[in-house]
Structure formats: C-alpha cells, structure tokens
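*Asks:* For reference, the structure I am asking about is given below.
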Amino acid sequence: MFPPESGKYIHNELVEMDDFLNIGKGNVIMACHMTGIYDVNRNTVLPDDAYALIKDWADSIIDLNLKGIVFHNNFSDQTCAEIQGQHIQFIKVNHDTRFTPNVYRYFLYRDFIQQHFDELLNVFVTDITDVVVLKDPFQEPIFTGNPQAIFCGDEPKPLLDDWMLLHAAHLRSKISDYQGYEEEFKEATLLNCGIIGGNVQVMQLFLSQLCSLHEKYNSDNKTAYTGDMGAFNYLVRTEFNDRVIHGTPVNTVFKEYEAERKDCWFRHK
C-alpha cells in the first residue's frame, strides 16, 4: 500500500460518506487541486484558496445533481464550509513530494476507492480547472452498456508526436518494452488522462496498476515532464486496449473550447 500507513494522507475524511454518496446510487466524480507546488504544465505555482479556479467544474456537477469530491491541500475551512454540501465535498490531503500533483492524485483516488469500495458503483476522475461535466455520464447507454470498459479523454493527434516523445523520455529509459509499445501504437489516438472513468471494479484495478507503474518507474523522475500521460497511455494500450472507449460522446475535442456542444459527457478545454 502506498503511501505508508494508508489513510494518513487525509486530514479530514468525509463526514457521513454513506449519506453523501446516497447508497443505491454510489456514483461520484473526483478531482484533485494542489497548490504551493510548481506546476510544470502551467509554469507557475497556483494560488491558495482560489475557488474560482474550480468553480466551473463544481457548478457543472451541482447543476446535474451529481456528486463531486475535491482532494486538495489549500482551500480554507471557510471556503469548504460555504461550498460543500449535498453535491460537493472536500477532502484535505498531504502531498508526497516524490510525485507531481498530476501523478500523486492517482494514489489518492486508488486509496479512496479501496477504503470506500462497498459504497461506490461508478467513478470518474477528471482534471478540475479545465474540465466541466455536460451530461450525467452514469446514465448514458454507452456507459451502462459497457460495464467492463475504461472511458477516457483523447486528443486529435497520434500517440507518437513530438510532445509525447519528450514527455515519455524518463519512462522510455525505465520500462524495457516502452519503445516497442510506442512503435506498435504510434498511429493510435493519443489518449488523455484528464478524464478517466468506469465501474468501481474496473477503476480499482486500473488505478492500482497505474500507481504501481508510477511507484516503480516514475518516483525518481527528474525531467521537466510529469510522466502522467506516458504511463496512462502505456497502461491503457498494453493492458486495456480491447475495452477503452474515448472521444465522442465521452469528451469534446481537446483544446477546441467547444462551448456550444451538449452531446458529450465532458468538455476538456
């Protein structure tokens, strides 16, 4: 189990978890917002207690009568008290500095699912500052009709583009078959880990394997790239490729800012 003494990373566990998740439904969308740590994707350190950064995500969950959990290290007690309730809950966490927040979030999700497995049916984990929920994914026929699937975001480019070549340099040096995987799937669509979901059994398995990859191969990553996209694409394509569903209707076109679209479950930029 990682981190040592599972659960010690949580400062305030959810109160009345069964009431919040509403047993009999048990669907939740989780996200993570960490500050005080240099963000390599944005080239900055995000400010503390800036609820405006996640407001669109939270509002979209509230508007659809869904349940959202925010793992964080920075929101004030006042902000949490004002926002959390029937639809949104905050969990304050510690950050393991061996990993960037983009990677560490998966350990939080994995351990949370393990701790609350019996209370959950279906789970999505998403980015939080650039993702909004457009439709309830848990009620969509493609979701309910594919209980063994991994659903995820994607980008309009192949796996092997210049950015991904740089991003995956550390993992390529560590994983013996990484170059072979890149060659085999070089023309496959680049998958985006800003949106991942499925039923709780599938998500528990997937997140456990993803965390094992990061713990074994990415904890000593000193490059300018987090490795989250590399590890995610590697795991999906080598272990879950026969059951991955991505693109429409899961997500709008990445970075196209398709504000008028309502046919997808999530908008990612």
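Sequential numbering from 11 applies to the sequence shown in my numbering.
Note that the Cβ used here is the ideal one computed from N, Cα and C, for glycine as well.
Under a Cβ-count criterion, where at least 16 other Cβ atoms within 10 Å of its own Cβ denotes burial, should P259 be classed as buried or exposed?
*Replies:* That one is buried.
*Asks:* Would you mind stating whether I152 and I64 have Cβ atoms separated by less than 8 Å?
*Replies:* Contact: no.
*Asks:* Return the chain-ordered ranges of every alpha helix (DSSP H) run that is complete within the stretch 90-157 and spans a minimum of 4 residues.
*Replies:* DSSP runs (the alpha helix (DSSP H)) wholly in the stretch 90-157: 111-125 and 151-154.
*Asks:* Beta carbon of S86: closer than 7 Å to some heavy atom of the ligand FAD?
*Replies:* The ligand FAD is not part of this structure, which contains no ligands at all.
*Asks:* Helix or strand or just coil, what does DSSP make of D164?
*Replies:* D164: strand per DSSP, three-state reduction.
*Asks:* How many angstroms separate the CA atom of D164 from the CA atom of V143?
*Replies:* Approximately 16 Å, taken between the alpha carbons.
*Asks:* Between which two residues does the alpha helix (DSSP H) carrying I71 extend?
*Replies:* Note, I71: alpha helix (DSSP H), K65 to D73.
*Asks:* Exposed or buried, what is Y191 when buried is set at 16 or more other beta-carbons lying within 10 Å of its beta-carbon?
*Replies:* So Y191 counts as buried.
*Asks:* Locate the alpha helix (DSSP H) running through T248, then write down its first and last residues.
*Replies:* Start and end: D238 to E249.
*Asks:* Taking Cβ positions, are V280 and H43 nearer each other than 8 Å?
*Replies:* Lying outside 11 to 279, the shown extent of the chain, residue 280 is not represented and no answer is given.
*Asks:* Determine the contact status of I93 and Y61, defining contact as a CB-CB distance below 8 Å.
*Replies:* Against a cut-off of 8 Å, the Cβ pair of Y61 and I93 comes out as a contact.
*Asks:* Alpha carbons only, please: which of V263, D58 and G78 is nearest the one belonging to L130?
*Replies:* That would be G78, whose Cα lies nearest to the Cα of L130.
*Asks:* For a test of the three-state rule: what should DSSP assign to G34, helix, strand or coil?
*Replies:* Bear in mind that the predicted position of G34 carries a pLDDT of just 49, short of 50, making it too unreliable to give a figure here.
*Asks:* How close, in whole Å, do the beta carbons of A241 and L215 come, if the pair is a contact with beta carbons under 8 Å?
*Replies:* 15 Å between Cβ atoms; not a contact.
*Asks:* What three-state label does DSSP hand N50 in the structure shown?
*Replies:* Here residue 50 is Val; the residue named in the question, Asn, does not match the sequence. Three-state DSSP puts V50 in coil, outside helix and strand.
*Asks:* DSSP beta-bridge partners for V55?
*Replies:* According to DSSP, which records beta bridges pairwise, V55 is partnered with Y48.
*Asks:* Comparing alpha-carbon positions, which option in I71, G207, L245 and D49 lies nearest P157?
*Replies:* Nearest option by C-alpha distance: G207.
*Asks:* Could you tell me how far apart the beta carbons of N117 and S229 are, in whole angstroms, since I believe they sit closer than 8 Å?
*Replies:* The displayed chain sequence assigns Phe, not Asn, to residue 117. About 11 Å; that fails the 8 Å criterion.
*Asks:* Which residues bound the alpha helix (DSSP H) around R277?
*Replies:* Note, R277: premise wrong, no alpha helix (DSSP H); beta strand (DSSP E) at F276 to H278.
*Asks:* Which residue from Q96, Y114, N75 and R182 puts its Cα closest to that of H82?
*Replies:* Answer by Cα proximity: Y114.
*Asks:* In chain order, what residues of the same chain have a beta carbon less than 8 Å from the beta carbon of Y285, not counting five sequence neighbours either side?
*Replies:* The structure shown does not extend to residue 285, since the chain is modelled only from 11 through 279, so no value can be given for it.
*Asks:* So with Cβ pairs under 8 Å, would you call D171 a contact of chain C?
*Replies:* Among the chains in the structure shown there is no chain C, since it carries only a single protein chain.
*Asks:* When the Cα atoms are used, what is the spatial distance from R120 to N132?
*Replies:* Taking the straight line joining both Cα atoms gives about 13 Å.
*Asks:* Where do the N-terminal and C-terminal ends of the beta strand (DSSP E) with F216 fall, by residue?
*Replies:* Note, F216: premise wrong, no beta strand (DSSP E); alpha helix (DSSP H) at V210 to Y227.
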